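First to last, the sequence lines map onto chains A and B. Here the first sequence stands for residues 7 to 520, numbered as in the working numbering. Here the second sequence stands for residues 654 to 842, numbered as in the working numbering. Every residue gets a Cβ at the ideal spot worked out from N, C-alpha and C, and that includes glycine. The structure displayed is predicted, hence computed values, not measured ones. In what follows, a structure is listed as structure tokens, so that the remarks can point back to it.
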Amino acid sequence: MKNFIIGIGGTGAKCLEHLLHCCSAGLGPDNLWAGMVDQDEANGNVSRTKILLSKYMNLRSNLRDEAKHDLSKESNLFKTNISANNDSVWLPLKGADPTLEQVINYNVLKPEVKDLIDCLYDPEEKMQNLSEGFRARPNIGAAAMLATTSNEDDPFWSQIYKAIDAARGGEQVRVFIISSIFGGTGASGFPNIARRIKQIQQEKNVTSNFHLGGALMLPYFNYEVPEENMDGELFAKPEEFLDQTKGALEYYSKLFEYNKIFDQVYVTGWDPLSKLANFKMGGNLQNNPPLFPELYAALGALRFFSSENTISENQEIFHIGKNDGNDILWSDIPNVSNSLNSKESISKLIRFAFSYNWMYGPALTGSWSRIKKYQNENWFKRLIFKNTYNNDTKTCEVGHEHNQEIILLMQEYCQDVLTWITDMQYSTVANTDQKMDLIVSDFFSEFKAKNVSKRVNIKEKLNASEKNQFNTLINDSKNLKLLNIMSNISYKKIYRDQKGLGVFMDILFRSCEQ
Amino acid sequence: MKNIIQSIIYGLVGLSIFGWFSVFITVLSISDPGPDSYIVGFFSDNIMSSERIENLGFDNFAEISSSFFTTLFFHMNLTLIIITASTTIGWCIVSHFLNIDAPGKAKIYAIHWLIVSAIFIGLVFGITWYFTSSTTYPAAEGITTSGQWLLIFMSLLIYVVPYYLGVLLGTARFARSSVLLANKLPGGF
């Protein structure tokens with residue numbers, strides 16, 4: 007089965023961020039192609055996901071290399087083989103600082119068409135620089151999307167063509183699109199890209215094996231727009247989100263009534279809305295935090311890709327929400343399938359990130375002269391020494407550059423996981439009556455809502471009493487201590503096909519469950 | 654729990670490598686080795702004083718060997734076997750609960766192991782001393798001072814070596830740096 011996911015706009019990119027962490031935890035399908043669509047290429051949310059995606063692919067390819075380091079086929083860590091184009095972001099409008107006028111060649115249009123355009127767009131909308139996205143104007147986005155080419159030569163669309171060809175060849179293909187229903191890029195891209203995909207499917211006469219799913223994010227956050235210096239600027243206004251959503255839902259209701267575009271649609275919203283501390287119109291400063299509802303969209307996508315998900319002939323629309331109370335708990339996170347428990351996998355990944363970042367990562371970092379003090383310890387001997395020993399040179403190569411690269415990259419990734427979950431926990435409920443109780447993070451991190459570039463500061467070192475709080479890290483009844491992790495890594499079974507650093511990484515990951 | 658049971662089994666294997674000998678002499682002593690046996694001859698020549706035995710009203714050690722082996726020697730060895738086995742298995746179990754929560758921390762617990770081992774050696778010494786100088790057992794009065802030290806030395810040899818082998822093999826894998834040379838064992842063992 008081939009799976010494709012497309013995150014449209016800033017929200018789509020953020021949902022992909024959640025999805026990538028879920029795939030690291032083993033909740034994803036075997037393979038997945040990931041792409042993003044955003045006119046605002048420098049957008050902070052998109053860049054963050056782009057970096058995370060490349061980190062994931064880099065780590066996975068290093069740790070799933072049958073010749074050097076292999077986590078094993080049985081391992082759930084970085085289970086999903088995610089691929090992407092060289093540039094994972096597709097810009098609908100290429101070229102420097104395009105405006106809508108340039109995109110539709112306004113100046114050469116017939117006068118009557120010009121009049122029509124004048125009725126649909128304000129002068130400032132026509133002249134708006136679109137390099138930072140569509141600024142919550144789906145009418146601009148829709149025109150821009152329709153004006154773009156979507157042929158087989160385009161690297162992004164070629165993947166869709168390949169997917170549909172694969173379906174025609176008898177392979178099961180699932181494509182999933184995530185975006186917000188409000189805003190600009192997402193709201194305009196979601197229906198247009200979906201319809202274009204459907205159109206290609208019809209053109210290629212593919213009637214079976216191809217399934218299209220989508221996740222629509224209803225308004226789930228807002229922010230305060232500063233009053234100064236905003237005259238004449240086009241930007242996403244939170245007070246318009248609900249009206250935009252209403253209009254969009256009416257549109258989708260009609261679209262779904264007459265035309266079966268999607269096989270499954272997941273609709274997620276949030277009440278009360280999360281309140282973001284900072285407003286930025288676009289660009290690299292728009293670095294919004296990961297929020298809990300986006301995790302629902304990501305899990306919806308993973309459910310869609312799950313082999314246990316049987317797709318019926320009828321169009322299915324799923325709604326999801328948390329419990330009625332103000333507390334957000336682990337029990338509010340749905341499972342991907344009967345065999346994939348989201349809570350267990352995500353909590354295992356968080357424990358892995360903590361123990362790697364502060365316990366094992368630092369012990370394995372540096373040259374052999376620094377690392378060798380652990381050479382007689384069972385975990386080191388069994389999981390590291392034996393698997394990084396070079397029989398030709400008669401040396402343990404854990405301190406060599408190529409191994410150190412993987413060790414440091416994994417540490418960086420672990421910090422991303424801890425930052426992601428901490429940021430989500432604080433930012434989702436900040437300035438609301440809600441309370442999120444998934445993890446306890448104050449002992450290893452500091453949260454500053456106003457510091458957009460670095461809201462979460464992960465402590466470089468932890469003292470003994472902070473490390474002792476590991477058993478309270480996840481709010482569950484497991485009471486797993488660092489001692490238990492140390493014990494588990496010494497006893498967990500090594501799979502036959504595991505090699506190199508893959509042995510240690512997988513055993514540590516498996517050791518993070520009771 | 655599975656790992657603890659595995660540790661106990663390894664501990665028992667370590668104990669039994671040389672520990673079988675202490676069981677053997679204990680069984681031998683309760684079944685009364687007989688006046689003509691090698692062990693009675695050995696005790697008569699190296700442990701007991703013929704003068705003191707005569708003072709007790711007997712001609713030689715063979716006449717009281719039955720009472721010596723079935724009471725004093727049996728009770729002493731049984732006590733030592735129980736102490737050795739429980740200390741070894743106790744350490745094997747406790748080693749799983751030592752707070753070794755970071756790489757490099759196991760070494761710290763070498764101090765704990767040394768204290769446990771010192772207490773154990775002290776117990777073996779004390780128990781042997783107690784039985785060989787006790788007035789509860791009349792035969793003890795026939796033991797010479799050098800014989801008493803020889804018995805203490807033999808007890809230490811017979812019980813400390815199995816204890817060490819027991820903890821060597823039975824200590825939790827992650828706690829092996831706390832036991833002398835245990836971290837030299839292969840990683841997968």
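| request: Please state whether DSSP places A/Cys518 in a helix, a strand or coil. | output: Start at 1 with the first residue of the first sequence, and residue 518 of chain A comes out as number 512. Note: A/Cys518 maps to coil in three-state DSSP.
| From the beta carbon of A/Tyr366, is the nearest beta carbon of chain B less than 8 Å away? | As a working mapping, residue 366 of chain A is identified with position 360 in the first sequence. Answer yes: the Cβ-Cβ gap between A/Tyr366 and chain B drops below 8 Å somewhere.
| request: Using 10 angstroms around the beta-carbon of A/Arg376, count the other beta-carbons present and answer buried if the total reaches 16, otherwise exposed. | output: In the first sequence, counting from the first residue as 1, residue 376 of chain A sits at position 370. So A/Arg376 ends up on the exposed side.
| query | Using a Cβ cut-off of 8 Å, which residues of the segment 817-835 of chain B contact any Cβ in chain A, in chain order? | reply | Per Cβ criterion, the list reads Ala825, Arg826, Phe827, Arg829 and Ser830.
| task | Please look up how many angstroms separate the CB atoms of B/Ser831 and B/Lys760, rounded, as I've assumed it's under 8 Å. | result | On the second sequence, residue 831 of chain B is found 178 positions in, with the first residue counted as 1. On the second sequence, residue 760 of chain B is found 107 positions in, with the first residue counted as 1. Confirmed, Cβ separation roughly 7 Å.
| task | Say whether chain A places a C-beta atom closer than 8 Å to the C-beta of B/His749. | result | For the purposes of this step, residue 749 of chain B is identified with residue 96 of the second sequence, where counting begins at 1. By the rule that beta-carbons nearer than 8 Å mark a contact, B/His749 touches chain A.
| A/Gln270 - partner residues in DSSP beta bridges | Taking the first residue of the first sequence as position 1, residue 270 of chain A is located at position 264. Paired residues: A/Gly219 and A/Glu322.
| field | Opening and closing residue of the beta strand (DSSP E) in which B/Ile736 lies | value | In the second sequence, counting from the first residue as 1, residue 736 of chain B sits at position 83. B/Ile736 -> not in any beta strand (DSSP E); alpha helix (DSSP H) instead, spanning Phe727 to Val747.
| field | Start-end ranges of the beta strand (DSSP E) lying completely within the segment 44-95 of chain A, minimum 3 residues | value | For the segment 44-95 of chain A, whole beta strand (DSSP E) runs of length 3 or above, ordered along the chain, are 87-89.
| A/Leu38 touches chain B at which residues, Cβ-Cβ below 9 Å? | The count along the first sequence starts at 1 and reaches residue 38 of chain A at position 32. Residues of chain B passing the Cβ test: none, with the nearest at roughly 35 Å.
| said: What are the residues in the segment 485-500 of chain A lying within 7 Å of chain B by C-beta distance? | reply: Within the segment 485-500 of chain A, the residues whose Cβ lies closer than 7 Å to some Cβ of chain B are Lys487, Leu488, Leu489, Met492, Ser493, Ser496 and Tyr497, listed in chain order.
| Can you name, in chain order, every residue of its own chain whose Cβ lies under 8 Å from the Cβ of B/His749, other than the five neighbours on each side? | Translated into the one-based positions of the second sequence, residue 749 of chain B becomes position 96. Answer for B/His749: Asn656, Ile657, Ser660, Ala825 and Ala828, listed in chain order.
| task | Check the C-beta distance from A/Met7 over to A/Gln178 and give it rounded, since I have them as a contact under 8 Å. | result | Your numbering for residue 7 of chain A matches position 1 in the first sequence. Your numbering for residue 178 of chain A matches position 172 in the first sequence. That belief holds up - the Cβ atoms of A/Met7 and A/Gln178 are roughly 4 Å apart, short of 8 Å.
| request: Please state if the CB of A/Thr274 and the CB of A/Lys302 are separated by a distance shorter than 8 Å. | output: As a first step, residue 302 of chain A is located in the first sequence; it is residue number 296 there, counting from the start. As a first step, residue 274 of chain A is located in the first sequence; it is residue number 268 there, counting from the start. Note that residue 302 of chain A is Tyr in the sequence shown here, rather than Lys. Yes, they are a contact pair.
| field | Proximal residues of chain A, C-beta to C-beta of B/Ala759 below 9 Å | value | The count along the second sequence starts at 1 and reaches residue 759 of chain B at position 106. Correct list: Glu383, Asn384 and Met492.
| Local conformation of B/Phe722 per DSSP, three classes | Translated into the one-based positions of the second sequence, residue 722 of chain B becomes position 69. It is helical.
| field | Among B/Gly775, B/Ala771, B/Phe714 and B/Trp802, the one whose alpha carbon lies nearest that of B/Thr785 | value | For this step, residue 785 of chain B is matched to residue 132 along the second sequence. Closest option to B/Thr785, Cα to Cα, is B/Trp802.
| Residue from A/Leu122, A/Leu218, A/Asn293 and A/Phe162 with nearest C-alpha to A/Asn91 | Locating residue 91 of chain A in the first sequence gives position 85, where the first residue counts as 1. Checking every option, the nearest Cα to that of A/Asn91 belongs to A/Phe162.
| field | Inter-residue Cα distance where the pair is A/Arg461 and A/Lys20 | value | Residue numbering aside, residue 461 of chain A sits at position 455 when the first sequence is read from its first letter. Residue numbering aside, residue 20 of chain A sits at position 14 when the first sequence is read from its first letter. The alpha-carbon atoms of A/Arg461 and A/Lys20 are separated by roughly 16 Å.
| message | Per DSSP, what are the beta-bridge partners of A/Asn463 in this structure? | response | As a first step, residue 463 of chain A must be located in the first sequence, where it is residue number 457. DSSP output for A/Asn463 lists A/Glu452 as bridge partner(s).
| Using a Cβ cut-off of 7 Å, which residues of the segment 353-364 of chain A contact any Cβ in chain B, in chain order? | Under the 7 Å Cβ criterion, the segment 353-364 of chain A contributes no residue.
| query | Considering B/Ser787, what are the terminal residues of the beta strand (DSSP E) in which it resides? | reply | Working through the second sequence from its first residue, we reach residue 787 of chain B at position 134. That residue, B/Ser787, is in no beta strand (DSSP E); it is neither H nor E in DSSP.
| Would the beta-carbon of A/Trp374 fall within 8 Å of that of A/Leu444? | Along the first sequence, read from residue 1 onward, the residue named residue 374 of chain A stands at position 368. Along the first sequence, read from residue 1 onward, the residue named residue 444 of chain A stands at position 438. Cβ atoms of A/Trp374 and A/Leu444: not closer than 8 Å.
| said: Using a Cβ-Cβ distance cut-off of 8 Å, determine whether A/Arg376 contacts chain B. | reply: Your numbering for residue 376 of chain A matches position 370 in the first sequence. No, no contact with chain B.
| request: Put A/Asn37 into one of helix, strand or coil per three-state DSSP. | output: The residue given as residue 37 of chain A occupies position 31 in the first sequence. Assigned with DSSP and collapsed to three states, A/Asn37 falls in strand.
| What in chain A is Cβ-close to B/Ile753, meaning under 7 Å? | What you label residue 753 of chain B is simply residue 100 of the second sequence in a count that begins at 1. Here the neighbours are Leu489 and Met492.
| request: Return the bridge partner residues of A/Asp333 from the DSSP annotation. | output: Position 327 of the first sequence, counted from the first residue, corresponds to residue 333 of chain A. A/Asp333 has A/Lys441 as its beta-bridge partners, per DSSP.
| query | Is B/Gly841 close to chain A, meaning its C-beta is less than 8 Å from at least one C-beta of that chain? | reply | Counted from its first residue, the second sequence places residue 841 of chain B at position 188. B/Gly841 counts as touching chain A.
| said: Tell me the DSSP secondary structure of B/Phe842 in three-state form. | reply: Here residue 842 of chain B refers to the residue found at position 189 of the second sequence. In the three-state reduction of the DSSP assignment, B/Phe842 falls in the coil class, being assigned neither a helical nor a strand state.
| field | A/Tyr229: first and last residue of the uninterrupted alpha helix (DSSP H) it sits in | value | Position 223 of the first sequence holds residue 229 of chain A. Note, A/Tyr229: premise wrong, no alpha helix (DSSP H); beta strand (DSSP E) at Phe227 to Tyr229.
| said: Judging by CA-CA distance, which residue of A/Glu118, A/Leu106, A/Val446 and A/Gln207 is the nearest neighbour of A/Tyr127? | reply: Translated into the one-based positions of the first sequence, residue 127 of chain A becomes position 121. Ranked by Cα distance from A/Tyr127, the first of A/Glu118, A/Leu106, A/Val446 and A/Gln207 is A/Leu106.
| Going along chain B in order, which residues have a C-beta closer than 7 Å to the C-beta of A/Arg388? | The residue you call residue 388 of chain A lines up with position 382 of the first sequence. Under the 7 Å cutoff, chain B gives Gly840 and Gly841.
| message | Which same chain residues end up closer than 7 Å to A/Arg201 when comparing Cβ atoms and leaving out the 5 residues on each side of it in sequence? | response | Within the first sequence, numbered from 1, the residue matching residue 201 of chain A stands at position 195. For A/Arg201, where only same-chain residues beyond five positions count, the Cβ hits under 7 Å are Ile267.
| Along the chain, where does the alpha helix (DSSP H) that runs through A/Arg174 open and close? | Along the first sequence, read from residue 1 onward, the residue named residue 174 of chain A stands at position 168. Start and end: Pro161 to Arg174.
| request: Please classify B/Phe726: is it buried, with 16 or more other beta-carbons within 10 angstroms of its beta-carbon, or exposed? | output: Within the second sequence, the letter at position 73 stands for residue 726 of chain B. Classification of B/Phe726: buried, given that the 10 Å Cβ count is 16 or more.
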